[in-house]
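Chemist: Residue 65 in our numbering sits at position 63 of the sequence shown, with consecutive numbering throughout. Before I ask anything, here is the structure I am working with.
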Amino acid sequence: MISQQSKVSRMAYYRNFNCKNDIVLYFLESVFCEIKESLPEECEFWSKEYGYVFLTIMKKYRAQFLLLDNAGYLGMVQTMFNEANIELGGEIPYNSIKRYNLYFASGTTLNGIMEWFRNECKESLDDFYQAMVDFMGANINNSGISARIID
Numbered sequence: 003m004i005s006q007q008s009k010v011s012r013m014a015y016y017r018n019f020n021c022k023n024d025i026v027l028y029f030l031e032s033v034f035c036e037i038k039e040s041l042p043e044e045c046e047f048w049s050k051e052y053g054y055v056f057l058t059i060m061k062k063y064r065a066q067f068l069l070l071d072n073a074g075y076l077g078m079v080q081t082m083f084n085e086a087n088i089e090l091g092g093e094i095p096y097n098s099i100k101r102y103n104l105y106f107a108s109g110t111t112l113n114g115i116m117e118w119f120r121n122e123c124k125e126s127l128d129d130f131y132q133a134m135v136d137f138m139g140a141n142i143n144n145s146g147i148s149a150r151i152i153d
């Protein structure tokens, strides 16, 4: 079912992928690559512009993320979220307690998005984005959460 939903032909599956995890990883990397390529060059992590691009593209793949959730692959999604947060949010020394803030933000974001998807995105993207910003306790229009994580 995952190979069908990801629009990978059976022949391409056997030629290019060793297992379903490879398809999931390829899909996730493609989504995060699309997000990065859609951002303007000077877009700050957790800026409002970043948030809108991120949520718009995530929503575009809502059905696929729900399928991954139902198939038990949400752990892989969380790992990709963590890696993207670290890559885009900046380096924090491994021995700093502040590094956990990236994981808190990542887990909160994914959990909120998945609940929004399960609820059929009834709230507008604007309303969902604002709820996310309010919960994170950051004024994303100004310095953003990354400044709070690193400080």
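Using N, Cα and C, we set each Cβ at its ideal position, and we do this for glycine too.
1. Relative to the C-alpha of threonine 111, which residue among Lys100, Asn97, Leu76 is closest?
2. Just verifying my parser: in three-state terms, what is the DSSP assignment at tyrosine 105?
3. With H, G and I counted as helix, E and B as strand and the rest as coil, what does DSSP make of isoleucine 94?
4. Between the C-alpha atoms of glycine 74 and arginine 17, what's the straight-line distance to the nearest angstrom?
5. Under 8 Å, do leucine 30 and methionine 82 count as touching if we go by C-beta distance?
6. Tell me the DSSP secondary structure of alanine 65 in three-state form.
7. Measuring only the C-alpha atoms, how far is tyrosine 28 from glycine 114?
8. Beta carbon of valine 55, beta carbon of phenylalanine 67: below 8 Å?
9. May I ask which residues mark the beginning and end of the alpha helix (DSSP H) holding cysteine 35?
10. How about leucine 104 and leucine 57: are their beta carbons less than 8 Å apart?
11. For serine 98, count the other beta carbons within 10 Å of its own beta carbon; 16 or more makes it buried, fewer makes it exposed. Which is it?
Modeler: On the basis of the supplied data:
1. Taking only the C-alpha atoms, the option nearest threonine 111 is Leu76.
2. Reduced to three states, the DSSP call for tyrosine 105 is helix.
3. Isoleucine 94 sits in coil when the DSSP states are folded into three classes, being neither helix nor strand.
4. 24 Å
5. yes
6. helix
7. 23 Å
8. Not in contact: valine 55 and phenylalanine 67 (Cβ atoms no closer than 8 Å).
9. If you look at cysteine 35, you'll find it in the alpha helix (DSSP H) that goes 22-40.
10. no
11. Classification for serine 98: exposed.
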